[in-house]
Structures are given as structure tokens and as C-alpha cells.
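Here the sequence shown is numbered in UniProt numbering, starting from 1 and rising by one per residue. No residue lacks a Cβ here, since even glycine has one placed at the ideal position from N, Cα and C. A quick note: this is a predicted structure, and the numbers were derived from the prediction, not measured.
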Amino acid sequence: MFLIYLSIDYSIITCHISKIKKITKEGLDWIYSLPSPLNSEQKIYLDTINKLHENANIQIEKLINNNNESVEFLTTWVHEIKTPIAASKLIIENNLNNDNEKLLYAVEMEIEKVEDYIQRVLFYSRINDFSKDYRIDTVKIEQIVKDSIKGEASWFINKDIKLKVENLDIEVNSDYKWLKFIIKQVLDNAIKYTAMGGNIKIYAKVEQKEKILCIKDNGIGIRKEDIERVFEKSFTGYNGRVKQHSTGMGLYISQKLAGKLGHYITIDSEYRAGVEVSIHFPFISYM
Numbered sequence: 001m002f003l004i005y006l007s008i009d010y011s012i013i014t015c016h017i018s019k020i021k022k023i024t025k026e027g028l029d030w031i032y033s034l035p036s037p038l039n040s041e042q043k044i045y046l047d048t049i050n051k052l053h054e055n056a057n058i059q060i061e062k063l064i065n066n067n068n069e070s071v072e073f074l075t076t077w078v079h080e081i082k083t084p085i086a087a088s089k090l091i092i093e094n095n096l097n098n099d100n101e102k103l104l105y106a107v108e109m110e111i112e113k114v115e116d117y118i119q120r121v122l123f124y125s126r127i128n129d130f131s132k133d134y135r136i137d138t139v140k141i142e143q144i145v146k147d148s149i150k151g152e153a154s155w156f157i158n159k160d161i162k163l164k165v166e167n168l169d170i171e172v173n174s175d176y177k178w179l180k181f182i183i184k185q186v187l188d189n190a191i192k193y194t195a196m197g198g199n200i201k202i203y204a205k206v207e208q209k210e211k212i213l214c215i216k217d218n219g220i221g222i223r224k225e226d227i228e229r230v231f232e233k234s235f236t237g238y239n240g241r242v243k244q245h246s247t248g249m250g251l252y253i254s255q256k257l258a259g260k261l262g263h264y265i266t267i268d269s270e271y272r273a274g275v276e277v278s279i280h281f282p283f284i285s286y287m
């Protein structure tokens, strides 16, 4: 009798294994077709397999989303970088015999746009591999702001923007290169959306729980309905649509980088009354 039961049990198990072997050849969704477990031990194995499959799907979805995001950004960037290149060619073609200083400024500004777009791509490409490319040091805010302003000099001159800098004698713990990129993105926006002859003020303050670097302009401001979305990827809002040459990536990348450095960015604005962008350095990030 024992041999009969053993034979039946063996037959059932053999059939079960045969089904599993057949199912696993049918593609990636074979897990959904696995036969019901014959005992508690098989149930544990099946539950484990299902959990592993679920986790694998989550990771695959993340990889797909990251890849789609990268493709979308690079596509936008390719279209964006064509504009200053084409503009430079047109300026040169239309002024072959013109030795005008304004012409040189115009070409220089278009070249700076290209450099900025290239920088954005480089920094964006490193976001997911951030841990290999940063070094936290003591950064003097006054020095990093001066260096950032130098890179925008031609824009300040061309738009006759008055710059006021004060109370920057503070230090923070950050990565100089990444923080300078963040400050540059904020400055770029301030200059872009400030009218000819406008004003930009840069100052710092120390509060109970943090140090803050503020960049304030008297430009066109941001509409109330757009404020909550300015850090979303590719969001340009009303101002971006009006200006047309806006990818909506500068603040998105800056906020992501700031978070990785232990900082964060906030924006305060009233439409047609300017924007104040604050980069926060919480004291807890220094511990």
C-alpha cells in the first residue's frame, strides 16, 4: 500500500514539475501561470518567487522611466541648442562687413547659451551617479556668488541690469561646482525675466535653523497658478510660453541637486512684481 501511495505521489510531483518546465518556456509572464502549490513548502517558494518578480518589475519600471526621462530631456536639449547656433550663423552672415561692438556682444551671448545648455546636459547626466562626483567642503558664499556673476557679465551689461550684492560674508558646507551650477540657473532665470534696466539683488541671511542665500529680481514675476509647479520637470508655465525659449529644466535639475547636497530651494513671487528665490542650507546638513 505504501508503495502505491509513493507511486501516486511521485506521479503527481513529476506532472507538477513537467508543467513548471513547460510554463517557463512561454515568456516573461510564466510566473502568473504557475500551478497551485501542493504543500506549505511549495507555497513559501511560490510566494518568494512572486515577491521577487514584483520587485523586479518595479526596478524595470524605474529603469524605463529614467530612460524615458533622459530621452525626453536630450530631445528637448537638441532642439533648444539649435536656436543659438542658428542665431549665431545668422548674425555673422548678416554682418560680414560690420565691425560693431554690439554684434560681438550678440554672438558672445549666443555662444554662452550653447555653453549653458551643454552644462545642463552634463550635470543632468550625473544626477543618478551623484555620489561619485561630489565633495563637501566649506564654501564661501561671497566668493561663489562673485564667480557666478562673472559668468553672467555680458548679460548684465547687455540688459543694463543693476546688481546689488550685500551681506554675503557667510560659509556653508556644500560642493562648490554643484552649488555654483544651482546659483547660475537661478541667476539665468532672474536675468531672463527681468526687463531692460531692471534690478537684481543678492544677499544672505542667517536664521535659527538655517542659512539662506536669496536672489531677488523685479522682473515679470510668476503667476499664482504656476508657483507650485516651477520645480516640475519640463514645466515652463505662462512665462516660459511667452518667452518661448524655455525648457523648464533649470529649476528642476537645481532642486534635485540641492536635495542631494542637503539643501533645498523655495520661491516667493507676485505676478508683475518680481521673484525671490531662496537656497536654504539647514544646519542639520552640517552634522
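Judged by DSSP secondary structure, Ile220 falls outside any alpha helix (DSSP H); it is assigned neither H nor E.
When secondary structure is reduced to three states using DSSP, Lys209 falls in the coil class, being assigned neither helix nor strand. Under the DSSP assignment, Val275 falls outside any alpha helix (DSSP H), being part of the beta strand (DSSP E) whose first and last residues are Val275 to Pro282.
Between the beta-carbon of Glu142 and that of Asp169 there is about 6 angstroms, and that keeps the pair under the 8 angstroms contact cut. By DSSP's assignment, Lys201 forms a beta bridge with Lys164 and Lys216. Burial of Ala204 is indicated by the presence of at least 16 other C-beta atoms within 10 angstroms of its C-beta.
One thing to note: Val139 has its Cβ no nearer than 7 angstroms to the Cβ of Tyr193. By alpha-carbon distance to Gly259, the top candidate from Gly197, Phe231 and Phe156 is Phe231.
Taking Asp268 as reference, the option from Gly250, Lys224, Lys233 and Leu90 with the minimal CA-CA separation is Lys224. Residue range Gly250 to Leu261 is occupied by the alpha helix (DSSP H) that includes Lys256. For Glu270, no pairing in a beta bridge is given by DSSP. Looking at the backbone, the Cα of Thr266 and that of Ser40 are separated by about 54 angstroms. Around the beta-carbon of Asp226, 16 or more other beta-carbon atoms lie within 10 Å, marking it buried. Rounded to whole angstroms, the Cβ separation of Ile144 and Leu179 is 6 angstroms, and the two are in contact under 8 angstroms. In this structure, the CA atom of Lys164 is about 32 angstroms from the CA atom of Ile85.
In terms of Cβ geometry, Trp155 and Ile200 do not form a close pair [threshold 7 angstroms]. Where Asp137 is concerned, the enclosing beta strand (DSSP E) starts and stops at Asp137 to Lys140.
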